Every structure is written in structure tokens, then in C-alpha cells.
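Q: Here it is, the structure, as C-alpha cells.
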Amino acid sequence: MLRTTVGNAVSCRVFQGRGLSVTPLWIALGIVLLLGIAIVVSYNRFVAQRNQVRNAFANIDTELRRRYDLVPNLVETVRGYAGHERAVLENVTQARAGAVAQTGSPAEQAAAEGPFVAALRQLFAVAENYPSLRADQNFLALQAELATTEDRIQGARRFYNATVQAYNQRVQSFPSNIVARAFRFSEEQFFEIDEAVRPQAEEAPRVDFRAPPPESAPPS
């Protein structure tokens, strides 16, 4: 009876000793597992956000291309009424060609976009001097479509910049910046127009080209 009791006591101590040695191992494995899950979740979120940024910029590019496609018809329409405004027409054509050819970073594309929009505004300003052009249905249709496209561009640009801001904030913030550094997730560029042309370029190139209402006769 004594032997059984002593044997059970020894076995209990051995089992308890093993339990004490196994518990820290399981704790360590649990911590490693949780860290691994956190890293995977953070990595997948970075990938999703980066893809969202790229898709948002693709939307900007689509709307920019739509506007580029409208400009040749606009130039030809204006040329029919104001052919001697050669410098203005060539400026628009060259600025458009430079913007279309730019396929670099968002910052580089924005830099090329500024002069193009400024040239487009100059073209619209010249058109104010030609009443027949202002009444041309093709010109009015192109002007309306450009205005709609400009609204889409501005909406896409705002969404893109908001997406970039959220993504860059995670790249910079702790502890997600550790994952970003380990897997080389870098900050994305905003799509901003250069300060030198911002007052001209950020305003939609929309002008009311319809004939102004007749002025009322002054009181006698």
C-alpha cells in the first residue's frame, strides 16, 4: 500500500514536471502563430490597398484618355471659324501630344497635364471672340462633353488621392510599417497639378459659349 502511494506520488511529480516544461513551449508557439497570422493579415491588406490605388489611378487615366480623344475634333471645329489663331491651336495640339505621351508616375503625368489644361482654357478663351463658333452645335456638344469628362476626372482624382492617403498612412504607421518595410511596400504618389498652373488647370475648362441675353435698354 505504501509502495503504491509512493509510486503514485513520484508519477504525479514527474507528470507535473513535464507539464511545467511543456507549458512555456505552447505559449511560445501560440505567440509565434498569432504573430504569423497578424503578418499575413497585414500583408494581404497591403496588397488589397495597393491594388485599390492602382485601380483608382487607372480610372483617372481612362477619363484623361477620353478627354484627349475629344480635343482633335475640338481643334478642327475651332479652326473652321478661327483658322488664323494658329499659335493657340498649335499650342493645344502640342500640349495634348505631350500629355498623351507621358506614361510615367502619377506625379509625372500630373506635371504634363497642367500645361495641356492651361492650353485648353486658352482655346476656350479665344472662342469667346467668335459668336458663330459659340453657336456651332458641334462645338457646344464637344464643350458639354468636355465639361462632363472634367467632372469625372476631378472625382476620380479625389478618390485616388484619398486612397493613396489611406495606404501611405499604413505604410508609415507602427506596427504596420514593419510589415511594409519587410515586404517592400513603399508610399504611392498623389496626383496633384503643379502649383504654377493650379489656378488655371484645376478649374474645369467650362465657359458658357451661348449668346448672352440682350441688354435691357436704359431708361429714358
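In short: position in the sequence shown from 1, add 19, done, that's the numbering used here.
Built from N, CA and C at the ideal position, the CB exists for glycine as well.
Every value quoted in this text rests on a predicted model; they were computed, and no experiment measured them.
#1: Could you check which residue in 122, 98 and 183 has the C-alpha nearest to that of residue 149?
#2: So, is residue 187 buried or exposed, given that buried needs 16 or more other C-beta atoms within 10 angstroms?
#3: For residue 46, name the three-state secondary structure that DSSP assigns.
#4: Check each candidate in 50, 59, 181 and 168 and name the one with the smallest Cα separation from residue 84.
#5: For residue 205, is the classification buried or exposed, using 16 other Cβ atoms within 10 angstroms of its Cβ as the cut-off for buried?
#6: So, using beta-carbon positions, are residue 90 and residue 69 closer together than 7 angstroms?
#7: Please report the straight-line C-alpha distance between residue 191 and residue 54, rounded to a whole angstrom.
#8: Among residues of its own chain, excluding the 5 on either side of residue 172, which ones have a beta-carbon nearer than 8 angstroms to its beta-carbon?
#9: Take residue 185 as the anchor and find which of 60, 72 and 46 has the nearest alpha-carbon.
#10: Comparing C-alpha positions only, which one of 49, 143 and 165 sits nearest to residue 88?
#11: Can you check the stretch 53-141 for any alpha helix (DSSP H) of at least 4 residues that lies completely inside it and give the ranges in chain order?
#12: Ends of the alpha helix (DSSP H) at residue 151?
#13: Measure the C-alpha to C-alpha separation of residue 102 and residue 122 and round it to an integer number of angstroms.
#14: Let me know the secondary structure DSSP gives residue 204 once reduced to three states.
A: On the basis of the coordinates in this document:
#1: The residue given as residue 149 occupies position 130 in the sequence shown. The residue among 122, 98 and 183 with its C-alpha nearest the C-alpha of residue 149 is 98.
#2: Working through the sequence shown from its first residue, we reach residue 187 at position 168. Classification for residue 187: buried.
#3: Position 27 of the sequence shown, counting from 1, holds the residue named residue 46. In the structure shown, residue 46 sits in a helix (DSSP, three-state: H, G or I).
#4: Position 65 of the sequence shown holds residue 84. It is 168.
#5: Residue numbering aside, residue 205 sits at position 186 when the sequence shown is read from its first letter. By the 10 Å Cβ count, residue 205 comes out exposed.
#6: Translated into positions along the sequence shown, residue 90 becomes position 71. Translated into positions along the sequence shown, residue 69 becomes position 50. The answer is no: Cβ separation not under 7 angstroms.
#7: As a working mapping, residue 191 is identified with position 172 in the sequence shown. As a working mapping, residue 54 is identified with position 35 in the sequence shown. Their Cα atoms are separated by approximately 20 angstroms.
#8: Counting from one through the sequence shown, the residue named residue 172 turns up at place 153. Result list for residue 172: 79, 82, 83 and 86, in chain order.
#9: Mapped onto the sequence shown, residue 185 falls at position 166. Nearest C-alpha to residue 185: 72.
#10: Residue numbering aside, residue 88 sits at position 69 when the sequence shown is read from its first letter. Out of 49, 143 and 165, the CA that lies nearest to the CA of residue 88 is found in 165.
#11: 105-120
#12: If you number the sequence shown from 1, residue 151 lands on position 132. From DSSP, the alpha helix (DSSP H) with residue 151 extends over 150-153.
#13: Taking the first residue of the sequence shown as 1, we reach residue 102 at position 83. Taking the first residue of the sequence shown as 1, we reach residue 122 at position 103. Just so you know, the alpha carbons of residue 102 and residue 122 end up roughly 32 angstroms apart.
#14: Looking up residue 204 in the sequence shown gives position 185. In the structure shown, residue 204 sits in coil (DSSP, three-state: anything other than H, G, I, E or B).
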